[in-house]
Each structure stands twice: as C-alpha cells, then as structure tokens.
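Okay, so the sequence shown: first residue is 16 according to our numbering, each after it adds one. What follows is a short report on a single structure.
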Amino acid sequence: MTFTCGDRIEIWSADTLFEFEKRAKKDVIWRPPPNTPYSGDLWAPELHSIHGRWYVYFAADDPAHGNRTHRMFVLTGPSSELSPLDSSAWSFHGRLEGMPEEQWAIDGTVISLHGGLCFVYSGWPLGTSHNESRQEIYIIEMTSPTACTGRPIRISTPDEPWEFSGTSGINEGPQFLCSPDGRWRGIVYSCAGSWTHEYKMNVLYFTGGHPLSPTSWAKSNRPLLQAARDDTPPYGPGHGNFVTINSPGGQEVWGVFHATDAKTGWEGRKARVMRVGWGHGGPYMGSGFCGRCCGEVDHFLTGCDGGQCGGKGHVGGHEGNQLGTGSGFPGNKTELKREAKELVGQGRKLIGKIFK
16 MTFTCGDRIE IWSADTLFEF EKRAKKDVIW RPPPNTPYSG DLWAPELHSI
66 HGRWYVYFAA DDPAHGNRTH RMFVLTGPSS ELSPLDSSAW SFHGRLEGMP
116 EEQWAIDGTV ISLHGGLCFV YSGWPLGTSH NESRQEIYII EMTSPTACTG
166 RPIRISTPDE PWEFSGTSGI NEGPQFLCSP DGRWRGIVYS CAGSWTHEYK
216 MNVLYFTGGH PLSPTSWAKS NRPLLQAARD DTPPYGPGHG NFVTINSPGG
266 QEVWGVFHAT DAKTGWEGRK ARVMRVGWGH GGPYMGSGFC GRCCGEVDHF
316 LTGCDGGQCG GKGHVGGHEG NQLGTGSGFP GNKTELKREA KELVGQGRKL
366 IGKIFK
C-alpha cells in the first residue's frame, strides 16, 4: 500500500488487507534531495508493475514556488519478480516525459485499454497556469512506462453540483475499475473538496471505442459512494483503489479508499475497505452511502445486503456488460426497490387522473 507521506515515498506491506493497521511493515524506498523542483509536497504515489518492472508515479512541487508547480514524476524500480521494498533498487527517472510542461498535474495512474497504455491524471484546465478553482480528469497516450505522446484529452470536468465545494469544482484521484468478468470497465474518480465531508467518489464508464476519445467515457449522475445521510462518520470517502479478491463464491472486487472521522480537514485519514457489487448498470458500493465500520473481519467477509460492507456473497459482475445510460447505477436491491416504489406511485397518480 502506498499513500501520501509528504517528504518521501513509503510502501506498507502486510500478509492481508486486515493486518495493515496493526502489523504493517513500513519501507521508505526513496527520499528526494532537499531544495529540488520535486522535493515539496509529494502526493499520491502509486506502485505499478508494467512490462516486468516496478514503477512509482507521484506528484511533487518545487518548495520555492509551491503548489502551482505540482507535476508528475517517475521512479524506476527492480524487476517485478523481485520485491519492491528494497530502497537500493530504486532510481529517480524524473518528470513523466511528454506531459505538458505548463500544466499542473497530480494523482496520475496507468491504465491498459485498447491494447496500449494510457496515463490518467487530474489537472488544471489546459492553457491556465494558476486556476485552483477547477480540476479535471485527463488521459494521454503512453509510449513507454516513462513517456507519453500527443496532447492530453479531457474526459471529465466538474459539471454536477455535488462535484463542487463552494466555488471549487474538483475531479481528481482517478482509478481504474473492472468487473471480475471483464465486461464492465471504467474509472472511479473523487470529487468536491478533499478537506470537506462532501468528498466522494463517482464513476466514468468506458462505453467502447478509443480511450483517447471523450465520447468513449460517460459520467454517472449519481455518486458511487459518499458520506452517510444521517451525518455520522466516516466522512469524505475518496481516492479509492480496487483489488480483485478470490473468495469462496468466486472473484470479488474490494475498494480500498480513505475517509476521516472528522467532518473537515485532512487529519485522521484512515484506509477503509468496502466490497464493490455489480448490478444491471455497473458497480455499486452498498447503498451509495458510507455505513458504520464493521467490528469484525468475519462480519465483513460474510457481508450484509445493502449494508456497510457493500453486499455479500459472490458479486462477480455477470451483468457488467450492460453499461447503462448515464443515469446512475441502481444495481442493488435497495435502489431497485426505491425506484420501483417511485414508479408505482407515478402509475397510481396517472390512473387517478384518468378516472377523475
């Protein structure tokens, strides 16, 4: 597991996800030299195995000039057959080549679609050097794990009210998500202010075609996961990563994301785990709202329909090929029942008008 440490790149490792909190082994694999253009505010490092080698992608800024200088950088590591925890095996490659030099960029990740690699990241609008009020999701073609080519393509911009905190419209933290059967593919991103309880995750689903085309991506108009309606913690679920787990009932996908126990600020962030379910329109996480944390591992593994665990049993995505129409993903029982009640109510009103 990697996460933001600020002044270093650190990897935590454990035998299982459930042991990270108390038994994680922590290895610092790299520290930047002081007073360099990449020694300030190291954010959101990601560890990737690509073409048989380990790589870490991270954002950093020049401490002499601050946040506006955040750009994406790359570390090159050992063979994927070797442990990534040995600091002596890592070297600093530098800036991710081919990225626009003038564009503020953070939260980069690598995805494989259409037979090639793409780099997806959060950036300020192209052509602006200082616009903290808007962050968008961009995709750019990669020619190698350390280089990109062409001009980035914007695939998402904050255009829903719930993607804003005040006047700040934010799309960030893109992560690839795929159903176990491979039929549903898309990107989960975080939106609104990460320092607020309004922080949440939403979905861009891949509709087919070339991934560098904006028309190949469609945004859900209903968040994938947000804070509970009853104003209880955890707050601000965001920047999730998704792992495939072999369970007794078949493969499952679990989301690992951070959330806080306090309504505001970045202090007290903790990594959380929640099961991803698959319905007729794509992925869902419980009822779409954070529930209270499970007290027991066995309870999480057993799960509970529509509860804080995100469901139970085998949720392998057998219906994941049905991409929906951008109207949200009401794939779980709770949402389907709610929509059914609404339809019945509308039908009764219509019948009443006819016979009035």
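Note that CB positions come from ideal geometry on N, CA and C, so glycine has one too.
Alpha-carbon to alpha-carbon, residue j and residue i
i: Asp42; j: Val312; result: 26 Å
i: Phe179; j: Gln241; result: 13 Å
i: Thr247; j: Ser54; result: 37 Å
i: Ala7; j: Cys206; result: It is not possible to answer for residue 7, since the shown part of the chain is limited to 16 through 371.
i: Leu90; j: Leu62; result: 9 Å
i: His273; j: Lys40; result: 19 Å
i: Glu116; j: Glu187; result: 19 Å
i: Pro263; j: Phe315; result: 14 Å
i: Gly67; j: Gly92; result: 10 Å
i: His151; j: Ser183; result: Per the sequence shown, the amino acid found at residue 151 is Glu instead of His. Going by the C-alpha atoms only, they are around 11 Å apart.
i: Gly332; j: Ala79; result: Bear in mind that a pLDDT of 43 at Gly332, under 50, signals an unreliable position, so the number given afterwards is only what the model happens to contain. Spanning the two alpha carbons is a distance of roughly 48 Å.
i: Phe18; j: Gly201; result: 22 Å
i: Thr143; j: Gln118; result: 7 Å
i: Pro48; j: Cys20; result: 15 Å
i: Ser159; j: Leu132; result: 8 Å
i: Asp276; j: Gly224; result: 41 Å
i: Met87; j: Thr124; result: 10 Å
i: Thr317; j: Glu147; result: 43 Å
i: Cys309; j: Pro176; result: 31 Å
i: Thr84; j: Leu57; result: 12 Å
i: Trp69; j: Ile24; result: 14 Å
i: Glu213; j: Ala75; result: 25 Å
i: Ala162; j: Arg244; result: 43 Å
i: His295; j: Phe33; result: 30 Å
i: Tyr153; j: Arg38; result: 37 Å
Residues bridged to residue i [DSSP beta-bridge criterion]
i: Asp56; result: Paired residue(s): none; Asp56 is not in a bridge.
i: Asp174; result: Partner(s): none; Asp174 has no beta bridge.
i: Pro298; result: Trp293
i: Cys20; result: Partner(s): none; Cys20 has no beta bridge.
i: Gln118; result: Answer is none; Gln118 lacks a bridge partner.
i: His273; result: Gly253, Ala286
i: Glu187; result: Ser205
i: Ser148; result: None, per the DSSP bridge assignment.
i: Tyr136; result: Tyr153
Distance between beta carbons of residue j and residue i, contact taken as under 8 Å
i: Pro229; j: Ile168; result: 6 Å
i: Lys285; j: Tyr250; result: Going by Cβ atoms, the distance from Lys285 to Tyr250 rounds to 11 Å, so no, they are not a contact pair.
i: Val203; j: Leu227; result: The pair is not a contact, with the Cβ atoms about 19 Å apart (cut-off 8 Å).
i: Ile121; j: Ser137; result: 5 Å
i: Gly303; j: Met289; result: Contact doesn't hold; Cβ gap of about 11 Å is too wide.
i: Asn217; j: Ser235; result: 6 Å
Residue i in three-state terms, based on DSSP
i: His63; result: strand
i: Asp313; result: helix
i: Lys278; result: coil
i: Ser102; result: helix
i: Arg237; result: coil
i: Leu97; result: coil
i: Pro229; result: helix
i: Leu458; result: Outside the displayed span of the chain (16 to 371) sits residue 458, for which this structure offers no information.
i: Glu34; result: helix
i: Asp245; result: coil
i: Arg46; result: coil
i: Tyr72; result: strand
i: Gly195; result: Strictly speaking, residue 195 in this sequence is Pro, with Gly absent from that position. In the structure shown, Pro195 sits in coil (DSSP, three-state: anything other than H, G, I, E or B).
i: Glu267; result: strand
i: Cys308; result: coil
i: Lys364; result: For Lys364, the pLDDT reaches just 42, beneath the cut-off of 50, and the residue's location in the model is therefore unreliable, although a value from the coordinates is still provided. Of the three classes helix, strand and coil, the one that applies to Lys364 here is helix, per DSSP.
i: His85; result: strand
i: Ala162; result: strand
i: Gly92; result: strand
i: Pro167; result: strand
Counting beta carbon pairs with one atom in the segment 82 to 100 and one in the segment 25 to 43, are three or more of them shorter than 8 Å?
Segments in contact, yes.
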